[in-house]
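Visitor:
Protein chains: 2
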Amino acid sequence: MIHLSLKDVLAMPDRKRATLMNYLSGFKSANLVGTTDAQHRHNLAIFNSVVHIGANPPYLGFILRPNTVERHTYDNIKETGYYTINAIHEDFYAKAHQTSAKYPKETSEFEAVGLTLEFKGDFFAPYVQESPIKLGLQFQEEIIVPCNGTILIVGKVLEVWLPAQSVAEDGHINLSAHGIITISGLDTYHRTEKLAQLPYAKRPSK
Amino acid sequence: MIHLSLKDVLAMPDRKRATLMNYLSGFKSANLVGTTDAQHRHNLAIFNSVVHIGANPPYLGFILRPNTVERHTYDNIKETGYYTINAIHEDFYAKAHQTSAKYPKETSEFEAVGLTLEFKGDFFAPYVQESPIKLGLQFQEEIIVPCNGTILIVGKVLEVWLPAQSVAEDGHINLSAHGIITISGLDTYHRTEKLAQLPYAKRPSK
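Read top to bottom, the protein sequences are chains V and D. Going by our numbering, the residue at position 165 of the first sequence is 167; the numbering climbs one at a time, nothing skipped. Going by our numbering, the residue at position 140 of the second sequence is 142; the numbering climbs one at a time, nothing skipped.
(1) Take every Cβ of the segment 73-86 of chain D, pair it with every Cβ of the segment 14-24 of chain D, and state whether three or more of those distances are shorter than 8 Å.
(2) Just reading off the beta strand (DSSP E) that V:Tyr191 is part of, what are its end residues?
(3) Since V:Pro165 meets chain D, which of its residues come closer than 8 Å, beta carbon to beta carbon?
(4) Three-state secondary structure (DSSP) at D:Ile61?
(5) Which chain V residues sit within Cβ distance under 7 Å of D:Arg205?
(6) Given that a residue counts as buried once 16 or more other Cβ atoms are within 10 Å of its Cβ, and exposed if not, what is D:Ala198?
(7) Are D:Leu1 and D:Leu46 close, meaning C-beta to C-beta below 7 Å?
(8) Is the Cβ-Cβ distance between V:Gln140 and V:Val156 less than 7 Å?
(9) According to DSSP, simplified to helix, strand and coil, what is D:Asn50?
(10) In angstroms, rounded to a whole number, what distance separates the CA positions of V:Ile1 and D:Asp124?
(11) Since V:Gly28 contacts D:Ala32 with CB under 8 Å, what's their CB separation in whole angstroms?
(12) Assuming D:Gly36 and D:Asn88 form a contact by the criterion Cβ under 8 Å, report the distance between their Cβ atoms to the nearest whole angstrom.
(13) Measuring alpha carbon to alpha carbon, tell me which residue in D:Leu117, D:His5, D:Arg17 is nearest V:Glu171.
(14) Report the start-end ranges of each beta strand (DSSP E) in the segment 97-136 of chain V that is 3 residues or longer and not cut off at the edges.
(15) Would D:Glu92 pass as a contact of D:Gly181 if the rule is Cβ separation under 7 Å?
(16) Taking 7 Å as the CB-CB limit, is V:Ser133 close to chain D?
(17) Comparing alpha-carbon positions, which option in V:Gln100, V:Asn78, V:Asn50, V:Val53 lies nearest V:Ala40?
(18) Judging by CA-CA distance, which residue of V:Leu12, V:Pro59, V:Ser7 is the nearest neighbour of D:Ala13?
(19) Between which two residues does the alpha helix (DSSP H) harbouring D:Lys9 extend?
(20) Against chain D, which members of the segment 25-38 of chain V pass a CB distance test of less than 9 Å?
(21) Alpha carbon to alpha carbon, what distance is there between D:Ser133 and V:Ser133?
(22) Output the boundary residues of the beta strand (DSSP E) element that contains V:Tyr84.
(23) Hey, V:Pro128 and V:Thr86 are a contact pair by Cβ (cut 8 Å); roughly how many whole angstroms apart?
(24) For D:Phe94, which of helix, strand or coil comes out of DSSP?
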């Protein structure tokens, strides 16, 4: 095996270090966050950092780095209080990736990359029509990570849109069967194949 | 599509709601966290919540729910300051899952599930010998998420162990080729297949 010390990592060129470090945590979720600002301009941005925070009530988090291209997302969430999280399907991952380009605020990434803006009921923020799993959230709170100023945005799930018959009686969903992809690093996309759903682990009885 | 309101979600039986909500964020990283307590008793626990926090210096986070079975991990990290993060390979995901059973503190999950304890150099916490990507971390800080008391543990990466020739010149690693798996929900394991590594996204020039 190769051994890298902290000193070795810190001595790498910035871009190589950022690339490498982004692979080491393992696979990531692949989602598009949809927002609208107070002037009704729409924004769509790819995030690989959506994480489960709680189920009762349902909370999800995602991580934002200070002063990044996803700043429009942050501004819109803070301004309006609402956003959507839309799972990325294998059929449109390249379009989803393209939302990470630096578009000006006047440009809707939905139009720029060719994904369909969809409003549902009276929910304020826009969904991605092509997405198989769509969540409508309300901003709950932001938490600053002291060591480097990274921000954890937490939202409450107000509504869930899922394919018909996708949820098993016990609440399971087969994400592989629904074509949802996963991300590694910052730019690498993978399809998945379900190996097994394992039973709740118990200590073997003697 | 199926529509679930927050009211619908809150009305579900607890276990079904917890199961469903854990799928909605998408795919998760699959790692084993290795620790040793001050009495030199070893612990190994599976986590699906390791996330990238920063690259310079390199920080990773993971999420702990208050009062869970992973409490031994938390106690050991707070007591000793060190832990390892070990990527889960397809060959041993069932053993990794079994670490989530409620073993007493005297029991080493390494022995209980059949994974090999490995110490490297003078690093205090134990690695999983079978793991293809192993990280040695020092506890940096813990951040409480106010809405539900969930804890984000942040650590600094002090060393990295990787397969020979796994890191491309620009820092990329093909996690699929190294057999690293991904998790959905709490108990579902998936292998992956790389679709593409896409170039840095730019606005099309007019």
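By construction, the Cβ of each residue, glycine as well, lies at the ideal position given by its N, Cα and C atoms. For clarity, every value in this text was computed on a predicted model and none was experimentally measured.
Guide: A quick look at the data gives this:
(1) no
(2) Walking along the first sequence from the start, residue 191 of chain V turns up at place 189. V:Tyr191 -> beta strand (DSSP E) spans 190-199.
(3) On the first sequence, position 163 is the one that residue 165 of chain V refers to. Per Cβ cutoff of 8 Å: Met3, Ile4.
(4) Taking the first residue of the second sequence as position 1, residue 61 of chain D is located at position 59. Strictly speaking, residue 61 of chain D in this sequence is Tyr, with Ile absent from that position. In this structure, D:Tyr61 counts as strand in the three-state DSSP scheme.
(5) Position 203 of the second sequence, counting from 1, holds the residue named residue 205 of chain D. Within 7 Å Cβ-Cβ: Ala103, Lys104, Tyr105.
(6) What you label residue 198 of chain D is simply residue 196 of the second sequence in a count that begins at 1. Flag for D:Ala198 reads exposed.
(7) There is simply no residue 1 of chain D to check, as chain D begins at 3 and stops at 208 in what is shown.
(8) Residue 140 of chain V sits at position 138 when you count from the first residue of the first sequence. Residue 156 of chain V sits at position 154 when you count from the first residue of the first sequence. The answer is no: Cβ separation not under 7 Å.
(9) What you label residue 50 of chain D is simply residue 48 of the second sequence in a count that begins at 1. Coil.
(10) Outside the shown range of chain V, which is 3 to 208, sits residue 1 of chain V, and nothing can be said about it.
(11) Walking along the first sequence from the start, residue 28 of chain V turns up at place 26. Walking along the second sequence from the start, residue 32 of chain D turns up at place 30. Right, their Cβ atoms sit about 6 Å apart.
(12) Sequence index remark: in the second sequence, residue 36 of chain D carries index 34 (1-based). Sequence index remark: in the second sequence, residue 88 of chain D carries index 86 (1-based). The Cβ separation is near 6 Å, so the contact holds.
(13) Here the question's residue 171 of chain V lines up with position 169 in the first sequence. Taking only the C-alpha atoms, the option nearest V:Glu171 is D:Arg17.
(14) none
(15) Numbered from 1 along the second sequence, position 90 holds the residue referred to as residue 92 of chain D. Numbered from 1 along the second sequence, position 179 holds the residue referred to as residue 181 of chain D. Yes, these two residues count as a Cβ contact at 7 Å.
(16) Here residue 133 of chain V corresponds to residue number 131 of the first sequence, with the count starting at 1. So no, V:Ser133 is outside the interface.
(17) Translated into positions along the first sequence, residue 40 of chain V becomes position 38. Comparing Cα positions, the closest option is V:Asn78.
(18) Translated into positions along the second sequence, residue 13 of chain D becomes position 11. Per the Cα distances, V:Pro59.
(19) As a working mapping, residue 9 of chain D is identified with position 7 in the second sequence. Its alpha helix (DSSP H) spans residues 8-13.
(20) Tyr25, Leu26, Ser27, Gly28, Phe29, Lys30, Ser31, Ala32, Asn33
(21) Taking the first sequence and counting its residues from 1, the one referred to as residue 133 of chain V is at position 131. Taking the second sequence and counting its residues from 1, the one referred to as residue 133 of chain D is at position 131. Rounded to the nearest angstrom, the two C-alpha atoms are 34 Å apart.
(22) Locating residue 84 of chain V in the first sequence gives position 82, counting from the first residue. 84-89 is the extent of the beta strand (DSSP E) around V:Tyr84.
(23) As a first step, residue 128 of chain V is located in the first sequence; it is residue number 126 there, counting from the start. As a first step, residue 86 of chain V is located in the first sequence; it is residue number 84 there, counting from the start. That pair is a contact at about 6 Å.
(24) In the second sequence, counting from the first residue as 1, residue 94 of chain D sits at position 92. The answer is helix: DSSP assigns D:Phe94 an H, G or I state.
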